[in-house]
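Residue numbers are given in my numbering: position 65 of the sequence shown equals residue 68, and the series is strictly consecutive.
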Amino acid sequence: MSGIVLDLAGVAQWVRSWGGMENAFRAAHAAAGEGGKVSVFTLTFMKEVLRANRTTGAIAPSGRRLAECVTEMAQIAGEKVIVEYGPGTGVFTEVILQKKDPDAFFIALEVNPEFVRATRARCPGVTVYEDSAENTIKYLREAGHDHCDVIVSGLPWTRFDDSLQDSILNATHEVLRPGGRFVTFSYAFSPWVPSGRKFFKGKLPAKFPKTTVSRPIWKNFPPCLVFTAEKE
Ligand SMILES: C[S@@+](CC[C@H](N)C(=O)[O-])C[C@H]1O[C@@H](n2cnc3c(N)ncnc32)[C@H](O)[C@@H]1O
């Protein structure tokens with residue numbers, strides 16, 4: 004056990020060094036089809052992976068291909084009220100802004116202040132609240148909306164305890180209009196870890212019987228699955 008702790012400390016130290024981190028993520032982004040470019044946003048993300056691992060719940064920021072896939076399944080164009088949960092450094096946010104109608108109402112909720120700053124910097128003008136996803140209805144009501152049409156989620160469901168999974172999932176179901184879509188992703192292995200299995204194979208389809216899952220998105224690091232849940 005102490006050997007494992009020592010090894011993890013060594014890995015963390017290696018990743019903390021800018022050189023090591025850049026090389027690792029240049030390789031990862033090259034694998035994900037991003038041309039090997041490492042942006043300041045990727046570096047911010049990696050810092051938070053180490054500092055706030057529990058809420059970040061990721062190995063790396065999502066790649067552009069996953070962002071394209073998630074936003075395509077969410078069918079952003081033509082919708083009037085759009086919400087994003089957990090934008091991180093704004094990878095999905097950027098693509099939502101490109102695809103949404105110019106007059107659509109769009110907000111994001113993010114608990115980590117570093118990520119709030121990063122998303123605002125990457126996507127100037129976007130409204131990002133530093134708050135938890137289950138409080139979405141408060142911000143919609145303040146803007147005169149009772150429901151939303153689409154929710155795009157980057158949340159790390161497998162890292163949440165039972166009660167947080169339940170409260171965010173219930174709030175999501177309540178805030179969506181009938182026929183509205185909730186799109187969320189997981190790492191391809193997550194539905195096989197206990198908390199992931201409980202959420203993706205149990206709670207999500209129980210709450211949203213019209214849930215479908217994509218084929219694995221291999222061109223992301225790590226590969227992902229995308230779940231689309233429609234409110235009946
Ligand atoms: C797996 S990262 C995904 C980030 C980004 N969407 C991406 O795909 O690169 C999860 C994000 O959800 C945020 N998060 C965690 N718990 C949250 C909550 N209860 N409400 C809103 N955001 C949350 C984290 O801070 C982090 O930005």
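We put the beta carbon where it would ideally sit given N, CA and C, even for glycine.
**OP:** For the alpha helix (DSSP H) containing V84, list its first residue and its last residue.
**Re:** Run containing V84: none in the alpha helix (DSSP H); it sits in the beta strand (DSSP E), V84 to Y88.
**OP:** Taking only the alpha-carbon atoms, compute the straight-line gap between A146 and N138 and give it to the nearest angstrom.
**Re:** 14 Å
Original post:
Quick one: what's got a C-beta closer than 8 Å to P226's C-beta in the same chain, skipping five residues either side?
Top reply: Y190, A191, P219 and I220
**OP:** Apply the 10 Å Cβ neighbour rule to M166 and answer buried if 16 or more other Cβ atoms are within range, or exposed otherwise.
**Re:** Contrary to the premise, residue 166 reads as Ser rather than Met in this sequence. It is exposed - the Cβ of S166 has fewer than 16 other Cβ atoms within 10 Å.
**OP:** With a threshold of 16 other CB atoms inside 10 Å of the CB of M24, please say whether the residue is buried or exposed.
**Re:** The pLDDT assigned to M24 is 46, lower than 50, so where the model puts this residue is not dependable; a value taken from the coordinates is nonetheless given after this. Buried, by the Cβ-count rule.
Original post:
Between P212 and T58, what straight-line distance do the alpha-carbon atoms span, to the nearest angstrom?
Top reply: 27 Å
Subject >> Straight-line Cα distance separating L100 from G205 >> reply: 32 Å
**OP:** Pull up the distance between the alpha-carbon of L69 and that of F185, whole angstroms please.
**Re:** 16 Å
Original post:
Of all residues in the structure, which have a C-beta closer than 6 Å to any heavy atom of ligand 1, taken in chain order?
Top reply: T58, T59, G60, A61, P64, S65, Y88, G89, P90, G91, V94, F95, L112, E113, V114, N115, F118, S135, A136, G157, L158 and P159
Original post:
Can you give the beta carbon distance from A61 to P159, rounded, assuming they're within the 8 Å contact cut?
Top reply: 6 Å
**OP:** Counting only the same chain and skipping the five closest in sequence on each side, list residues whose C-beta sits under 6 Å from that of P208.
**Re:** T214
Original post:
Can you find a C-beta in chain B that's less than 9 Å from the C-beta of Y190?
Top reply: Given the protein chain composition of this structure (a single chain), no chain B is represented.
Original post:
Any idea what DSSP makes of F192, helix, strand or coil?
Top reply: coil
Subject >> Cα-Cα separation between H176 and K234, rounded to whole angstroms >> reply: 7 Å
**OP:** Select from L46, S65 and E117 the residue whose C-alpha is nearest the C-alpha of T96.
**Re:** S65
Original post:
Could you check where the alpha helix (DSSP H) with V94 kicks off and where it finishes?
Top reply: V94 to K102
Original post:
So what does T58 bridge to, in DSSP terms?
Top reply: In DSSP, T58 forms no bridge with anything.
Original post:
DSSP three-state call for I79: helix, strand or coil?
Top reply: coil
Subject >> Length of the line joining the Cα atoms of L143 and D164 >> reply: 26 Å
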